[in-house]
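Everything on this sheet refers to the single structure shown next.
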Amino acid sequence: MRKTTAALLLALIASSGRAETIAERAAPCLACHGEKGQSETENIPSLGAQQAPYALIQLFMFREKLRTFEPMNEMAKALTDDDLRAFSDFIATLPKPSPPADAGDPARLQRARALVQQHHCDSCHNADFSGRDNVPRLADQREDYLARTMREYKDNSRHGYDGTMAEVLQPVTPEQIDDLAYFFARLR
Amino acid sequence: MIIRSRNLSLAVAFIGAFTFGAAAEQPANPPQPAAQTAAPALPPGSPMIGRPASEAAAKLAPVAPPPIAAAVDKLPTAKLKVPPGFNIEVYAAGMANARSLAEGDKGTVFVGSRQVDKVYAIVNKDGKRTVKVLASGLYRPNGVAFRDGTLYIAELSKISKIEHVEDNLDNPPKPTVIYDNLPKDEAHGWKFIAIGPDNKLYVPVGQPGNNVLHDDAHGQIRRINLDGTGAEVVALGVRNSVGFDWNPETKQLYFTDNGRDWMSEDVPQDELNRVTKTGEDFGAPYCYQGNISDPEFGWGHSCSEFTAPVGLMGPHSASLGMRFYTGKMFPKDYKNAIIVARHGSWNRSQKVGGDVVVVKLNKDGTVKSMEPFLTGFLEDNKYVGRPVDVLQMKDGSLLVSDDWNGAVYRITYGKSKVAAQ
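If you're matching them up, the sequences are chains Z and F in order.
For reference, each letter of the first sequence is one residue, going 65 to 252 in the working numbering.
For reference, each letter of the second sequence is one residue, going 204 to 624 in the working numbering.
So this is what it looks like as structure tokens:
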């Protein structure tokens, strides 16, 4: 089932020779990542308003297996450099994700705000956490994906394009990572 | 993994079946904005220590190169400037993140990388140059060195080798590890390597952060025998050296060292250092550029405890690969001068570097002058390329790597002689 699905998606995504628009070719991507920039799938990131240079780096890393997640490695393996650019530019045009309806636990948000200030997350990710260039948007990303990603950067099981996040997260505890993910997923 | 994949398949089944309107609803009572309170102190070793909470500082973040190598016709070659009488051309392109350089006995040029997993070989055969991937699946294989038929490769935390490499370019064996007693830190963990006149392999181990105290395994340049034995520390107080070479006359080791971030726009400058005795201490993180006591760690120390640099290479300029010029092609006053690639700053409002400079020395080995040699990589305070390493070829021409574009350029002197394509 999984192999068939991957093959089907691959055929759709890699069909650069045909007349489909990039939006049509991206339809299988959005099945998991969310049609309006917002993922409803566990651990699968929202793509809406993601920075194009960051998205390009990630797609490149999936294609080159510098970042390993089998379904994405499969999707990206047949893509050309121009395909990667087209998909990353398209991703940046998707609407930005929205925060969940509940306002969140004020005490927890306050704790996270102090951490954000302490570690200057806004230094690279911008004051509104929309990211810039190769630095990703964090605002209203899925909480589970954020927490998992930070844990993987911290123990270096997910290799960054450079080592910045591995370095920045060294002094941050797992509990603090959970608070940070809670906060970034609820920005308004 | 299994759970995630199942969810993926499940989601695929819903292609186009619904939209996510509920998530877009706005809450009735948005929370109040954060109270502006003083931030708690940064934990020791944080790369943000010293960063002010100003608008100007908020514009500065490390610059990452594009992941895809530029096509030859997209390279900034026409914008690059060399002194009168010199020529520059593209030597090879299409090598994503091309970093350190080494030349083999038979004219193959080996190219390391940092953001990708590859070592490339630029193969010269029958007057034609082609690029091959020599090894992949490596982890930050920045450093390459060549001696007696063998290529040495430095990954983040291990050194390996490929013997008789130029005889096996079409079907190279996997590198075999010779030394891995190295820390695994990401910060300043990538390595430049070179083999000295003593036939030993020199391996830097950077400090594991912007400005940190650390154990005895970091902040140094060490040397090992070519079989990986006999490790010995050669220099201490080294923050992050990504280039070195030996003075052809005195045989002394000279190395570039990158100064810390977030002290100020204009200091400290990157250092050009000279090792005159084994185990000399160059000051980091207590003293920078020979005369600035670090605001955090300098207390209780004096810069006079440490060896001062012989040259200052510009603030935040990221001075990386450097080689003494010993060839016959360039004019006489380049003889035994040091040619240095400055990758270029990120931690400065007006960028510095992003060029190649020539450092000329006095008879006593101290610095006489520093002049621009290759410029044009910086345009409107943005990079159109970033030089990483330089390498003198056997014919006296000079190669320059550019990790922004994944290319290597060749600089010649005299009547324009284009290398065989």
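The beta-carbon is built from N, C-alpha and C at its ideal position, and this holds for glycine as well.
As the structure is a prediction and not an experimental result, all values here were calculated from the model.
**Under 8 Å by beta carbon: chain C residues contacting GLY248(F)** = No chain C appears in this structure, whose protein chains are Z and F.
**Prompt:** Going by DSSP, which residues form a beta bridge with TRP449(F)?
**Reply:** LEU456(F)
**Request:** Could you confirm whether any beta carbon from chain Z is found closer than 7 Å to the beta carbon of ILE271(F)?
**Result:** yes
**Asked** Alpha carbon to alpha carbon, how far is LYS364(F) from PHE349(F)?
**Response** One C-alpha to the other measures close to 9 Å.
**Whole-number beta carbon distance between LEU341(F) and VAL322(F), since they are thought to touch under 8 Å** = Approximately 7 Å separates the beta-carbon atoms of VAL322(F) and LEU341(F); this is inside 8 Å, confirming the contact.
**Prompt:** Start and end of the beta strand (DSSP E) containing ASN476(F)?
**Reply:** 472–478
**Asked** What do you reckon, are the CB atoms on VAL559(F) and PRO590(F) nearer than 7 Å?
**Response** Result yes, Cβ atoms of VAL559(F) and PRO590(F) sit closer than 7 Å.
**Prompt:** Can you tell me whether ARG343(F) is buried or exposed, with buried defined as 16 or more other CB within 10 angstroms of its CB?
**Reply:** Classification of ARG343(F): buried, given that the 10 Å Cβ count is 16 or more.
**Request:** For the segment 396–412 of chain F, enumerate the residues whose C-beta is nearer than 7 Å to any C-beta of chain Z, in chain order.
**Result:** GLY412
**Item:** Bounding residues of the alpha helix (DSSP H) (the contiguous stretch that carries ILE121(Z))
**Value:** 116–127
**Closest residue to PRO268(F) among PRO287(F), TRP465(F) and SER316(F) (Cα-Cα distance)** = SER316(F)
**Message:** Check whether the segment 509–522 of chain F and the segment 593–600 of chain F touch, using three or more Cβ-Cβ pairs below 8 Å as the test.
**Reply:** no
**Request:** Please report the residue range of the beta strand (DSSP E) in which LYS218(Z) lies.
**Result:** Careful: LYS218(Z) lies outside any beta strand (DSSP E), inside the alpha helix (DSSP H) at 207–218.
**Request:** For PHE485(F), name the three-state secondary structure that DSSP assigns.
**Result:** coil
**Prompt:** Using a beta-carbon distance cut-off of less than 8 Å, what residues from the segment 137–153 of chain Z approach chain F?
**Reply:** ASP145, LEU148 and ARG149
**Asked** Using 8 Å as the threshold, is the segment 321–340 of chain F in touch with the segment 273–285 of chain F, meaning 3 or more CB pairs across them?
**Response** no
**Asked** When DSSP builds the beta bridges, which residues end up paired with PHE527(F)?
**Response** ILE541(F)
**Prompt:** Going by other Cβ atoms of all chains shown within 10 Å of its Cβ, with 16 needed for buried, is GLY224(Z) buried or exposed?
**Reply:** Classified as buried, GLY224(Z) has 16 or more neighbouring CB atoms from the shown chains inside 10 Å of its CB.
**Asked** So which residues on chain Z does ARG254(F) lean against when the C-beta distance must stay under 9 Å?
**Response** HIS184 and SER187
**Item:** Under the three-state DSSP convention, the category ILE155(Z) falls into
**Value:** Correct three-state label for ILE155(Z): helix.
**Message:** Going by C-alpha to C-alpha distance, which of LEU456(F), VAL611(F), LEU337(F) and ASN413(F) sits closest to ALA487(F)?
**Reply:** ASN413(F)
**Asked** Between which two residues does the beta strand (DSSP E) carrying TYR612(F) extend?
**Response** 610–616
**Message:** Does TYR246(Z) come out as helix, strand or coil in the three-state DSSP assignment?
**Reply:** helix
**Request:** Go ahead and pull the three-state DSSP assignment for ASP558(F).
**Result:** strand
**Asked** Who are the near neighbours of LEU148(Z) in its chain, counting only those whose CB is closer than 8 Å to its CB and skipping five residues on each side?
**Response** Correct list, in chain order: LEU120, LEU123, PHE124, ARG127 and ALA140.
**Message:** By alpha-carbon positions, which one of THR237(Z), ARG212(Z), ARG252(Z) and GLN181(Z) ends up nearest to ILE252(F)?
**Reply:** GLN181(Z)
**Message:** Let me confirm a value: GLY617(F) is counted as buried when at least 16 other C-beta atoms fall within 10 Å, else exposed. Which label applies?
**Reply:** exposed
**Asked** Just checking my contact of PHE500(F) with LEU439(F) at CB under 8 Å: how many whole Å lie between their CB atoms?
**Response** Not a contact, Cβ separation roughly 14 Å.
**Asked** Where THR213(Z) and ARG222(Z) are concerned, what is the direct C-alpha to C-alpha distance, given to the nearest angstrom?
**Response** Spanning the two alpha carbons is a distance of roughly 7 Å.
**Prompt:** Just checking, does the segment 330–339 of chain F make contact with the segment 382–393 of chain F on the three C-beta pairs under 8 Å criterion?
**Reply:** no
**Request:** Note down the Cα distance separating ASP197(Z) from LEU111(Z), rounded to an integer number of angstroms.
**Result:** If you take the alpha carbons of ASP197(Z) and LEU111(Z), they lie about 15 Å apart.
**Request:** Identify every run of the beta strand (DSSP E) within the segment 282–356 of chain F, keeping only runs that are complete inside it and at least 3 residues long; order them along the chain.
**Result:** 289–295, 301–306, 312–316, 322–328, 331–338 and 346–350
**Asked** Closest by CA to GLN115(Z), which one among ILE155(Z), PRO170(Z), PRO92(Z) and ARG177(Z)?
**Response** ILE155(Z)
**Item:** Cα-Cα separation, ALA113(Z) to MET466(F)
**Value:** Using only the alpha carbons, I get a separation of about 34 Å.
**Request:** Note the first and the last residue of the continuous alpha helix (DSSP H) segment covering ILE381(F).
**Result:** Careful: ILE381(F) lies outside any alpha helix (DSSP H), inside the beta strand (DSSP E) at 379–382.
**Asked** How would you label TRP502(F), buried or exposed, when you count the other beta carbons within 10 angstroms and need 16 or more for buried?
**Response** exposed
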